[in-house]
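Trainee: Note that the numbering used here has the sequence shown beginning at 1418, numbered continuously upward. Each residue gets a CB set at the ideal place from its N, CA and C atoms; glycine is no exception. All of these numbers come straight from a predicted model, not from anything done at the bench.
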Amino acid sequence: MKIEKFYLFLLACFVAIGAYSQDGQQKMTGDEKSQQQSDAKVKITGQVFDESGEGIPGANVTLKSNPTSGTVTDLDGKFILMASPQKDVLVVSFIGYNTQEFPLKGKTNVTIQLSQNVNELDAVEIVAFGTQKKESVIGSITTLSPKSLRVPSSNMTTALAGQVAGIISYQTSGEPGDDDASFFVRGIASFGFNTSPLILIDNIESTSTDLGRLNPDDIESFSIMKDAMATALYGSRGANGVVLVKTKEGERGKTKFDVRIEGSNSRPTSNIELADPVTYMKLHNEAILTRDPSAPVMYSDDKIDRTVPGSGSIIYPTNDWRRQLMKNSTWNGRANMSISGGGNSATYYVSLRYTKDQGLLNVDGKNNFNNNINLQTYQMRANVNINVTKTTQVRVNLSGIFDTYEGPIYSGSEVYGMVMKSNPVLFPAVYPTDEQHKYIKHILFGNSDDGSYLNPYAELVKGYKEYENTTLLATLGITQDLNFITKGLKFEGFFNVSRKSHYKQTRQYKPYYYALSSYDFMTEKYSIENINPDSGTEYLDFSPGDKTVNNVMTIETRTSYNQTFGDHSVGGLIVTQYIDSKNPNYKTLQESLPSRNMGVSGRFTYAYSDRYFTEFNFGYNASERFDKKHRWGFFPSVGGGWMISNEPFFQPLSSKITKLKLRASYGLVGNDKIGRVDERFLYLSNVNMNAGGASFGYENKYSRPGVNVSRYANPAIGWEKSRKANFALEASFYGFDLIAEYFTEHRTDILQKRASIPAVMGYQEAVYANIGETKGHGVDLDLKYQKSLNKNAFLIVRGNLTYAHSEYLKYEDNTYDKEWWKYKIGYSPNQKWGYIAEGLFIDDAEVANSPVQFGDYKAGDIKYRDMNGDGVINSLDQVPIGHPTSPEINYGFGSTFSYKGFDINFQFHGSAQSSFWIDYDKMSPFFKDPDMKQKTNNQLVKFIANSYWSESNRNRYATWPRLSTTSVANNKELSTWFMRDGSFLRLKLVELGYTVPQKIVSKWGMSNLRLYMSSTNLFVLSKFKDWDVELAGNGLNYPLQRVFNIGVNVSF
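So this is what it looks like as structure tokens:
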């Protein structure tokens, strides 16, 4: 409640400031009137907006009477210049918008809205390796506003969900440093190794972690390239789509300072509800007896009767492990600063960023270290453009990201998992210091008599882990105008080096465990004893961890030509690229060898009368992964567009339908990341000449090593190929902007192991080959409505939807006689095969009269359908169940409303047609984890305690099967019983802001001051209620976070 009250108070402050500022404006009206009586030049302030209500940075504002006297708007579209309010007329222009003349008519503070150029003759779009006129773009490219990527998080990938058509995105962890969202362009169309899109930041290949760490305030443009026309120039890397990010550069004008500071409170969106300790013990005993009535129970009736939840009793403990290990919330912060400007000789953009993200883990005051998650990130960026001559420009880009992490030895998700594996009633987490141990300095951790049980609190606080990640990038570029050869010719060259390093170390002590040795019920006095005096330590031991270094060098050249001859416009681009990557710290020979790729790509465009457009692109790339006969791949694409709204016959409709365009493309793109890193050279065999051999002789005392082949060479292996087609309609009418696209994809030559090799061939292992095929299709829809309600109010409503389905066309599998449902053809690569659960066995008679299933099972366990009617339940009865694990439908919608200085924005994100499965072994209460060294007993979650099969509740459709303390093989089979619907609708973001009028902030030496508060993940609607549905089957992971954020943005 404190957080909610704080936000209400902050909202009241915003309203109060707004009321004061409006009053200030009224008081200044008289001053403005008096100013009209004079022709003297005074300070004119204003702001330039686009049709969506967003400020336009970099717009030119000049005086009609003196075009050389003017200024450029700042990052929020604001400007200040000297003019005569009575006589002067402002001329405002910006690329892609109609130039507007604005008479001051005595005003000293103005608001100017520019309308987009209907013909878009000057508007440009970011495309592969450059820009094109927006109206001539044929490829499927969606551009996101950088403002939409500003969310109260240090990881920008969490902002993508629901923002743009074509992106399928979801997040499965909220742990700082491990919270990257998974995202795919138009879904997953391959069952090969690599399904992620290519990410380029300033044309340098980057990882999703690099993208997540990028400062949104540094972004100039963010584009998603989806079809073959848009991605063909990337050849071997563009099969899964491309995310292209361009960072900001400086602009000519006075130096501009921009500062943003945010503070946020983070807490789980939901937590799994656990049963109380008394119920835990009763059901634990029942789980023992229901499987073996003669077995001894775990807890006596006396212990159950004397246990009082929350009492803090020493002899009858009731641990709420989650509360003991986890805090309810934590505070995080971010601070950004940028400086930009320049003159005729050079322009610059320099930014700094600091973020601090903390976890939800508690720490113990007795330790002299803090082992809660603490991730601090420092970033710097400097982009400098130097005009060496009128035709030569040199570009220098430098950036660095430095992550410093301190936290528990285990990951946050592992700690959260330990909470769910720990018995709550065996011993207290920590014993209070008794008289005998009052001089002991270490923590008195509780445990069982033999010290063999998991104490998650001890595991959390016994030490800490540190790591540092460093990413350094440097780019030197040159742009040479070659108009002296022929008009429109230009050359660009880039040299980039990047270096990533990582190191990790761990420090920990070995806990001393204690157990209760005596207890006086009358006096409640007790004594404890150390049960591991010889194995505990009071000092921190040191363990070195991973140390890695990665160096990448990229050399790129671009030669472009663009010219217009009357109604004819032609363009061309040739790009060469060479990439060299070195990873000397890898542990195997194959991984340690340098990796090299090179290629040539090109684009050729033609347009006639701004109505008809054609384009041909190609990529010609070489990959070291393939034999020299198949090393090079050629990936062409072709497309065309028709701007119907520019036709003379369409002019009668132009006042109602301002834009109508059709475009289509078809092309081939490739993928050379078709195997794991250790399967790099598939055209070579993996042979171990000193493998395990044979023993022979008397008592097998003699042995000789043998030869083992773990992979056979296949020199015919080549590229995975994707043939993509795209058909699109773009229209603008009555304030609506619509983009509708239909796409298809055909993947061939997907890497797969042969299903079977005849024994007579003599192979030890199956051979890899390019034999897999898939096909896919889908729809992207993007709709936006914007309207100026009056001079002070503006409304935007937006929505997008993506449907992407793919299925197997060819998959080498075993041969089945009559079980046609076993074949994968026609199903999604993310489809699961499992058993159809018909319910739970009602009684043992039903068990006896049903087909034989798995292992030892009885009444109350899961009953499966015999699909082929052979009287036995086995793998032949597995059928496709549920939807694919990756959602086939992704959508988002939201709105922005602004009134005077106030603005409110909200965004929803939805997902549909996906399924996930609850893990039976991890979720079943009382189970022991075989992977843990210590003894464990899974917690009892409330939804199981409320609905399970028992002798007194013979419910065929109870939530959980018959209880057990060990895994029941029959119940752990993948089936529809534990299948859940992954669909959801989430309120992803709400933001309320207030921009203080410039008349006020200019008195404080500012050009802009905006206060705002925002929140993410406020609520989610879903059929699944047991934990946050977006975690899917990872319910025991570190939870997703609900964030409440306040911020201020100041410009000077």
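Cα-Cα, which of Glu2041, Pro2069 and Leu2077 is closest to Gly2058?
Mentor: Residue numbering aside, residue 2058 sits at position 641 when the sequence shown is read from its first letter. Of Glu2041, Pro2069 and Leu2077, the smallest CA-CA separation from Gly2058 is found for Leu2077.
Trainee: Given Leu1628, which residues of its chain have a CB within under 8 Å of its CB, disregarding the five upstream and five downstream residues?
Mentor: Within the sequence shown, residue 1628 is the residue found at index 211, counting from 1. The answer, listed in chain order, is Met1573, Thr1574, Ile1616, Ile1618, Val1660 and Val1662.
Trainee: Any chance the stretch 1631-1646 sits against the stretch 2113-2129, with 3 or more Cβ pairs inside 8 Å?
Mentor: no
Trainee: Expressed to the nearest angstrom, what Euclidean distance is found between the alpha-carbon atoms of Asp1493 and Gln2248?
Mentor: Sequence index remark: in the sequence shown, residue 1493 carries index 76 (1-based). Sequence index remark: in the sequence shown, residue 2248 carries index 831 (1-based). Near 47 Å, if we compare the C-alpha coordinates of Gln2248 and Asp1493.
Trainee: Following the continuous alpha helix (DSSP H) through Ser1830, name the residue where it begins and the one where it ends.
Mentor: As a working mapping, residue 1830 is identified with position 413 in the sequence shown. Its alpha helix (DSSP H) spans residues Gly1829 to Lys1838.
Trainee: Along the chain, where does the beta strand (DSSP E) that runs through Ala1360 open and close?
Mentor: What the structure shows of the chain is the stretch from 1418 to 2469, and residue 1360 is not part of that stretch, so it cannot be assessed.
Trainee: Say whether the stretch 1748-1761 touches the stretch 1671-1681, bearing in mind that this needs 3 or more beta-carbon pairs closer than 8 Å, one atom from each stretch.
Mentor: yes
Trainee: Can you have a look at Lys2280 and say buried or exposed, based on whether 16 or more other CB atoms are within 10 angstroms of its CB?
Mentor: On the sequence shown, position 863 is the one that residue 2280 refers to. That one is buried.
Trainee: CB Ser2026 to CB Asp2089, shorter than 8 Å?
Mentor: The residue given as residue 2026 occupies position 609 in the sequence shown. The residue given as residue 2089 occupies position 672 in the sequence shown. Result no, Cβ atoms of Ser2026 and Asp2089 do not sit closer than 8 Å.
Trainee: Measuring straight from C-alpha to C-alpha, what distance separates Ile2259 and Asn2285?
Mentor: Taking the sequence shown and counting its residues from 1, the one referred to as residue 2259 is at position 842. Taking the sequence shown and counting its residues from 1, the one referred to as residue 2285 is at position 868. Cα-Cα distance, rounded: 23 Å.
Trainee: What are the boundary residues of the alpha helix (DSSP H) that Trp2377 is part of?
Mentor: As a position in the sequence shown, residue 2377 is number 960, starting the count at 1. Where Trp2377 is concerned, there is no enclosing alpha helix (DSSP H), given that its DSSP letter is neither H nor E.
Trainee: Taking the beta strand (DSSP E) that Leu1700 belongs to, which residues open and close that run?
Mentor: As a first step, residue 1700 must be located in the sequence shown, where it is residue number 283. Looking at the DSSP string, Leu1700 is not in any beta strand (DSSP E); the run it does join, the alpha helix (DSSP H), is Pro1694 to Arg1708.
Trainee: Put Glu2008 into one of helix, strand or coil per three-state DSSP.
Mentor: What you label residue 2008 is simply residue 591 of the sequence shown in a count that begins at 1. Looking at Glu2008 - three-state DSSP - the assignment turns out to be helix.
Trainee: What's the C-alpha gap between Gln2169 and Ala2133?
Mentor: If you number the sequence shown from 1, residue 2169 lands on position 752. If you number the sequence shown from 1, residue 2133 lands on position 716. When rounded, the distance between both Cα atoms is 13 Å.
Trainee: Between the Cα of His1919 and those of Ile1636, Gly1962, Leu2198 and Pro1928, spot the shortest distance and give me the residue it belongs to.
Mentor: Working through the sequence shown from its first residue, we reach residue 1919 at position 502. Here the closest residue by C-alpha is Gly1962.
Trainee: Helix, strand or coil for His2300? Go by DSSP, reduced to three states.
Mentor: On the sequence shown, position 883 is the one that residue 2300 refers to. Of the three classes helix, strand and coil, the one that applies to His2300 here is coil, per DSSP.
Trainee: Taking just the CA atoms, how far does Ile2361 sit from Tyr2337?
Mentor: Along the sequence shown, read from residue 1 onward, the residue named residue 2337 stands at position 920. Along the sequence shown, read from residue 1 onward, the residue named residue 2361 stands at position 944. Taking the straight line joining both Cα atoms gives about 12 Å.
Trainee: Compute the Euclidean distance between the alpha carbons of Val1602 and Ala1846, then round it to the nearest angstrom.
Mentor: In the sequence shown, the residue the question calls residue 1602 occupies position 185. In the sequence shown, the residue the question calls residue 1846 occupies position 429. Near 47 Å, if we compare the C-alpha coordinates of Ala1846 and Val1602.
Trainee: Reducing DSSP to helix, strand and coil, say where Gly1579 ends up.
Mentor: In the sequence shown, residue 1579 corresponds to position 162, counting from 1. DSSP places Gly1579 in coil when its eight states are reduced to three.
Trainee: Given Asp2154, which residues of its chain have a CB within under 6 Å of its CB, disregarding the five upstream and five downstream residues?
Mentor: Translated into the one-based positions of the sequence shown, residue 2154 becomes position 737. Same-chain partners within the cutoff: Lys2201.
Trainee: Let me make sure I understand the geometry here. Which of Ser2468, Val2465 and Glu2447 has the alpha-carbon closest to that of Gln2458?
Mentor: In the sequence shown, residue 2458 corresponds to position 1041, counting from 1. Considering only Ser2468, Val2465 and Glu2447, the residue with the shortest C-alpha distance to Gln2458 is Glu2447.
Trainee: Could you give the residue range of the alpha helix (DSSP H) that holds Ser1599?
Mentor: In the sequence shown, the residue the question calls residue 1599 occupies position 182. In the DSSP annotation of this structure, Ser1599 is not part of any alpha helix (DSSP H); the continuous beta strand (DSSP E) holding it starts and ends at Ser1599 to Val1602.
Trainee: What is the rounded straight-line gap between the Cα of Thr2313 and the Cα of Leu2426?
Mentor: In the sequence shown, the residue the question calls residue 2313 occupies position 896. In the sequence shown, the residue the question calls residue 2426 occupies position 1009. Spanning the two alpha carbons is a distance of roughly 19 Å.
Trainee: Could you give the DSSP three-state label for Tyr1874: helix, strand or coil?
Mentor: Counting from 1 along the sequence shown, the entry for residue 1874 is found at position 457. DSSP places Tyr1874 in helix when its eight states are reduced to three.
Trainee: Within 8 Å (strictly less), CB to CB, does Met1939 reach chain D?
Mentor: Of the protein chains in this structure there is only one, and it is not chain D.
Trainee: Taking Cβ to Cβ, would you say Gln2324 is nearer than 8 Å to Ile2306?
Mentor: Position 907 of the sequence shown, counted from the start, is the residue given in the question as residue 2324. Position 889 of the sequence shown, counted from the start, is the residue given in the question as residue 2306. In this structure, Ile2306 does not lie closer than 8 Å to Gln2324 by Cβ.
Trainee: Can you tell which of Glu1946, Val2214, Lys2389 and Ser1830 has the C-alpha that lies nearest to the C-alpha of Ile2321?
Mentor: On the sequence shown, position 904 is the one that residue 2321 refers to. Per the Cα distances, Val2214.
Trainee: Roughly how many angstroms lie between the CA atoms of Asp1693 and Ala1799, to the nearest whole one?
Mentor: Translated into the one-based positions of the sequence shown, residue 1693 becomes position 276. Translated into the one-based positions of the sequence shown, residue 1799 becomes position 382. Each residue's Cα considered, the two are about 56 Å apart.
Trainee: Take Asn2354 as the anchor and find which of Phe2333, Lys2235, Thr2383 and Ser2328 has the nearest alpha-carbon.
Mentor: Here residue 2354 corresponds to residue number 937 of the sequence shown, with the count starting at 1. Looking from the CA of Asn2354, the closest CA among Phe2333, Lys2235, Thr2383 and Ser2328 belongs to Thr2383.
Trainee: Determine the DSSP secondary structure at Ser1451, reduced to helix, strand or coil.
Mentor: Position 34 of the sequence shown holds residue 1451. Unreliable positioning characterises Ser1451 in this predicted model, as indicated by a pLDDT of 45, which lies under 50. A coordinate reading is not provided.
Trainee: Round the Cβ separation of Ser2018 and Phe2035 to the nearest angstrom and send it over; I've been treating them as touching at under 8 Å.
Mentor: As a first step, residue 2018 is located in the sequence shown; it is residue number 601 there, counting from the start. As a first step, residue 2035 is located in the sequence shown; it is residue number 618 there, counting from the start. Contact holds; Cβ gap of about 6 Å.
Trainee: When the Cα atoms are used, what is the spatial distance from Pro1825 to Ala2145?
Mentor: Walking along the sequence shown from the start, residue 1825 turns up at place 408. Walking along the sequence shown from the start, residue 2145 turns up at place 728. Taking the straight line from one Cα to the other gives about 51 Å.
Trainee: Residue range of the beta strand (DSSP E) that Gly2056 falls in?
Mentor: For the purposes of this step, residue 2056 is taken as residue 639 along the sequence shown, with counting starting at 1. Element bounds for Gly2056: Trp2049 to Met2060.
Trainee: Classify Met2349: buried if its beta carbon has 16 or more other beta carbons within 10 angstroms, exposed otherwise.
Mentor: Within the sequence shown, residue 2349 is the residue found at index 932, counting from 1. Exposed, since its Cβ has fewer than 16 Cβ neighbours within 10 Å.
Trainee: Starting from Arg1916 and walking both ways along the beta strand (DSSP E), at which residues does that stretch end?
Mentor: The residue labelled residue 1916 in the question sits at position 499 within the sequence shown. Element bounds for Arg1916: Leu1906 to Gln1925.
Trainee: Please return the same chain residues whose Cβ sits closer than 7 Å to the Cβ of Lys1564, not counting the five positions on each side in sequence.
Mentor: Against the sequence shown, residue 1564 aligns to sequence position 147. Once the five neighbours on either side are set aside, the close Cβ partners of Lys1564 are Glu1471.
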